[in-house]
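Count along the sequence shown from 1, add 243, and you get the number used in this note's numbering.
Don't be surprised by glycine CBs; every beta carbon is placed ideally from N, CA and C.
Right, one structure below, let's go through it.
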Amino acid sequence: MGRDDVPLFNHYLSTQFLEAWAAKQVPVVFSCDSPFPEIGRKTGELAVKLARGEEVPNIVYRIPVITKTPDQAE
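Written out as structure tokens, the structure is:
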């Protein structure tokens, strides 16, 4: 394809990706990811409340998304 005029965005952070990004091996301009440990903790809290029969309203838990730019890859 050879195009370099299309900005690329990514939704997944890993050590391998961050190392390649810091070395400028991938032309991604912005990346984000979900903080899976936090999602697991919130899911556990929700499961306990439901198991206890507690009333849990919709949309109680919000998880911030981790965002990074190329200068933060290192």
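* **Beta-carbon proximity check, residue 256 vs residue 309, cutoff 8 Å** => Going by C-beta atoms, residue 256 is nearer than 8 Å to residue 309.
* Determine the extent of the alpha helix (DSSP H) in which residue 282 is found, giving its start and end residues. => Counting along the chain, the alpha helix (DSSP H) containing residue 282 begins and ends at 279–294.
* Asked: By how many angstroms is the C-alpha of residue 250 removed from the C-alpha of residue 265?
  -> 17 Å
* Asked: Nearest-angstrom Cα distance between residue 287 and residue 276?
  -> 20 Å
* To do: In the DSSP assignment, find the beta strand (DSSP E) that holds residue 310 and state where it starts and stops.
  => 309–311
* To do: Less than 8 Å between the CB atoms is what I'm expecting for residue 273 and residue 260, so what's the real figure, rounded?
  => Between residue 273 and residue 260, the beta carbon gap of about 13 Å keeps them out of contact (Cβ cut-off 8 Å).
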